[in-house]
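*Asks:* In terms of this note's numbering, the sequence shown has 48 at position 46, counting the first letter as 1, and numbering is strictly consecutive. Positions of the beta carbon are idealized from the N, C-alpha and C atoms, including for glycine. Quick one: the structure is below, and I'll ask about it shortly.
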Amino acid sequence: MNDTLLRVGFDDIANPENRARFMREAELLRRYNDPTLSWDERHAMLPELVASCGEETNVAAPFILARGSDVHLGRRVFINAGVTIAAAAPVTIGDYTLIAPHVQIHGVTHPVDPAERQQWAFWSRPITIGENVWIGAGAIICAGVTIGDHSVIGAGSVVTRDVPSCVLAAGNPCRVVRELDPPDPATMYALRDRL
């Protein structure tokens, strides 16, 4: 679990500079989610929406994004329709990762203490999703979580704690179901790279 905690207060949204950035992001998303856009047009817009984006990465529309300036997408990532990413701390998604429809990735959370909630709008913790991960439809990835390389998260899972590499994990709360054989790094991407 990543314990790096960022506190973001109510004045974050009241700040005119931040408000302008949020409005710009909202306008970019409106254009990105236009159903008449082609895959190529969307792909060309991705670098404007996120902090970094590897080659041949695609994100299907509709895409729901908050604070894309904290989102880092690796090479050949595929994010399917209806995915939500709420950042405010770094959200990193590794090369070759596949994210199914309606997955939610939430780097933000609110304090449990009611008095503290009145002092701060929300907290944020980084999320790291490794290389060659598959996240099943409707899964929820919570703040501070790291998912190791080559793992699979079952559909509908709620991931509140770190998941190691090379496992199948599922459930609410998400738990390791079984270990997976580690891939051979020499041949793992050979077929896909030829496409």
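If you draw a straight line from the C-alpha of ILE107 to the C-alpha of ALA188, how long is it?
*Replies:* For the purposes of this step, residue 107 is identified with residue 105 of the sequence shown, where counting begins at 1. For the purposes of this step, residue 188 is identified with residue 186 of the sequence shown, where counting begins at 1. The straight-line gap from Cα to Cα measures roughly 31 Å.
*Asks:* Name, in chain order, the residues that DSSP records as bridge partners for ALA68.
*Replies:* Here residue 68 refers to the residue found at position 66 of the sequence shown. Bridge partners of ALA68: ALA88.
*Asks:* Determine the burial state of HIS112: buried for a count of at least 16 other Cβ atoms within 10 Å of its Cβ, exposed for fewer.
*Replies:* Within the sequence shown, residue 112 is the residue found at index 110, counting from 1. So HIS112 counts as exposed.
*Asks:* Three or more C-beta pairs closer than 8 Å, one from the segment 26 to 46 and one from the segment 152 to 159: is that the case here?
*Replies:* Because the criterion of three Cβ pairs below 8 Å is not met, the segment 26 to 46 and the segment 152 to 159 do not touch.
*Asks:* Could you work out which residue in ILE137, VAL61 and LEU67 is closest to VAL28 when comparing CA atoms only?
*Replies:* The residue labelled residue 28 in the question sits at position 26 within the sequence shown. Before going further, note that residue 28 is Ala rather than Val in the sequence given. With distances taken between Cα atoms, ALA28 lies closest to LEU67.
*Asks:* Could you tell me which uninterrupted beta strand (DSSP E) segments, each at least 3 residues in length, are contained entirely in the segment 103 to 178, listed from first to last along the chain?
*Replies:* Listed in chain order, the complete beta strand (DSSP E) runs (minimum 3 residues) inside the segment 103 to 178 are 106 to 108, 124 to 126, 129 to 131 and 169 to 172.
*Asks:* Using the beta-carbon count (16 or more within 10 Å), is PRO185 buried or exposed?
*Replies:* Here residue 185 refers to the residue found at position 183 when the sequence shown is read from its first residue. When all chains shown are included, PRO185 counts as exposed.
*Asks:* If you draw a straight line from the alpha carbon of THR94 to that of ALA141, how long is it in whole angstroms?
*Replies:* As a position in the sequence shown, residue 94 is number 92, starting the count at 1. As a position in the sequence shown, residue 141 is number 139, starting the count at 1. Their Cα atoms are separated by approximately 17 Å.
*Asks:* In this structure, does DSSP put GLU58 in helix, strand or coil?
*Replies:* Mapped onto the sequence shown, residue 58 falls at position 56. Note: GLU58 maps to coil in three-state DSSP.
*Asks:* Suppose you measure from the CA of VAL179 to the CA of CYS144; what does that come to, to the nearest Å?
*Replies:* On the sequence shown, position 177 is the one that residue 179 refers to. On the sequence shown, position 142 is the one that residue 144 refers to. Spanning the two alpha carbons is a distance of roughly 19 Å.
*Asks:* Can you tell me whether LEU182 is buried or exposed? The criterion is at least 16 other CB atoms within 10 Å of its CB, across all chains shown.
*Replies:* Position 180 of the sequence shown, counted from the start, is the residue given in the question as residue 182. Label assigned to LEU182: exposed.
*Asks:* Relative to the C-alpha of PRO166, which candidate in GLY158, GLU133 and ALA192 has its C-alpha closest?
*Replies:* Counting from 1 along the sequence shown, the entry for residue 166 is found at position 164. That would be GLU133, whose Cα lies nearest to the Cα of PRO166.
*Asks:* If I follow the unbroken alpha helix (DSSP H) through LEU48, where does it start and stop?
*Replies:* Numbered from 1 along the sequence shown, position 46 holds the residue referred to as residue 48. Here the alpha helix (DSSP H) through LEU48 covers 41 to 51.
*Asks:* How many angstroms separate the CA atom of ALA117 from the CA atom of PHE65?
*Replies:* Your numbering for residue 117 matches position 115 in the sequence shown. Your numbering for residue 65 matches position 63 in the sequence shown. Cα-Cα distance, rounded: 34 Å.
*Asks:* Kindly indicate which residue of GLY146, GLY158, ARG127 and GLN121 has the alpha-carbon position closest to the one of TRP136.
*Replies:* Here residue 136 corresponds to residue number 134 of the sequence shown, with the count starting at 1. When each option's Cα is compared against that of TRP136, the closest is GLY158.
*Asks:* Let's see if you can read the secondary structure: which residues bound the alpha helix (DSSP H) around LEU31?
*Replies:* For the purposes of this step, residue 31 is identified with residue 29 of the sequence shown, where counting begins at 1. Residues 18 to 34.
*Asks:* Assuming VAL110 and PHE124 make a contact with CB atoms under 8 Å, what is their CB distance in whole Å?
*Replies:* Looking up residue 110 in the sequence shown gives position 108. Looking up residue 124 in the sequence shown gives position 122. Indeed, because the Cβ distance is near 5 Å, the residues count as touching under 8 Å.
*Asks:* Run the CB neighbour count on SER54, radius 10 Å, all protein chains shown included, and call it buried at 16 or more, exposed below.
*Replies:* As a first step, residue 54 must be located in the sequence shown, where it is residue number 52. Exposed, since its Cβ has fewer than 16 Cβ neighbours within 10 Å.
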